[in-house]
Amino acid sequence: MTPIMIAALGLLMVATAFLSGLFGMAGGLILIGVLLALMPLPTAMVLHAITQMASNGWRAFLWRAHIRWRPVANYMVGAAVALAAWSLTRYVPDKPMALLLLGVTPFMARLLPSNIKPDPDRLWQGTVYGTICMGLMLMTGVSGPLLDTFFLGGDFGRREKVATKAMCQLVSHFTKLVYFGGIIDQAASLDPVLAGVAIAASMLGTTLARRILEAMTDQQFVAWSNKLITTIACYYIAYGGWLLVRTPVLAAFDKGGLQ
């Protein structure tokens, strides 16, 4: 990868880490979509995992006083179950399917009945959520919108939500790194320079977001999160749908042109 491309990706990673530092997601959704467009899926997943581990790990450190550890432990059990199950198949989705699922995920979370209020402190509920979210992570690269519903039944302020979710996401992205970097048949490798840029950019973007998050109200946090995620999700549904139909459509045109 050229130095100019690495620098451009570094700037993108600062911006997406800034968004994630504010809303606990959004940035990761944007970044994985760009990476999927630029490189093979396993490589995109590995780079995204390293970037998001740095971003979420640094965010968790900055907000460490607000982390709720019991929900994190419950979530880790489910993530381990999902990794064990996926390791048996070593499945790797294609790009169109990954993008479509990426776009649909936020709406899946919103379709949950309003009376469902998961209790993050219960082991069985944390295990179920961890398993589902980790499976989604290995399909699309992200699970943030669905993971948000994990905190619906708990008494979480915006700081506790961002901090605890950051720890859960750190676990998820590390698991994704293990899967796409070592378990699957076409395991990806990564340029160490690009990995270093990703880590530094993610930490910088996360640090810049902290002061603004402190100034936001919980109502502003929820309102802006919903608008941003909906816009990004609709774009990925359109883009993934186009990629899905493009190949057969072009093949049909080529076939017609040859006759």
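First residue of the sequence shown: 1253, per the working numbering; consecutive thereafter. Yeah, the Cβ is synthetic: ideal placement off N, Cα and C, and Gly gets one too. Every value quoted in this text rests on a predicted model; they were computed, and no experiment measured them.
Assign residue i to one of three DSSP states: helix, strand, or coil.
i     : result
I1436 : coil
S1395 : coil
W1315 : coil
P1255 : helix
T1483 : helix
Q1511 : Low confidence applies here, because Q1511 scores a pLDDT of 47, under 50, leaving its location unreliable; read the following figure in that light. In this structure, Q1511 counts as coil in the three-state DSSP scheme.
K1369 : coil
V1266 : helix
P1345 : coil
D1400 : helix
D1407 : coil
S1441 : coil
L1363 : coil
Do residue i and residue j have their CB atoms nearer than 8 Å?
i     : j     : result
V1324 : T1427 : no
S1339 : S1307 : no
R1410 : D1470 : yes
A1450 : L1299 : yes
G1378 : Y1327 : yes
T1401 : A1334 : no
L1422 : G1309 : yes
Name the two residues that bound the continuous alpha helix (DSSP H) containing residue i.
i     : result
Y1327 : 1321-1341
M1419 : 1410-1430
W1376 : 1375-1392
V1445 : 1444-1467
Could you tell me which uninterrupted beta strand (DSSP E) segments, each at least 3 residues in length, are contained entirely in the stretch 1272-1298, listed from first to last along the chain?
none
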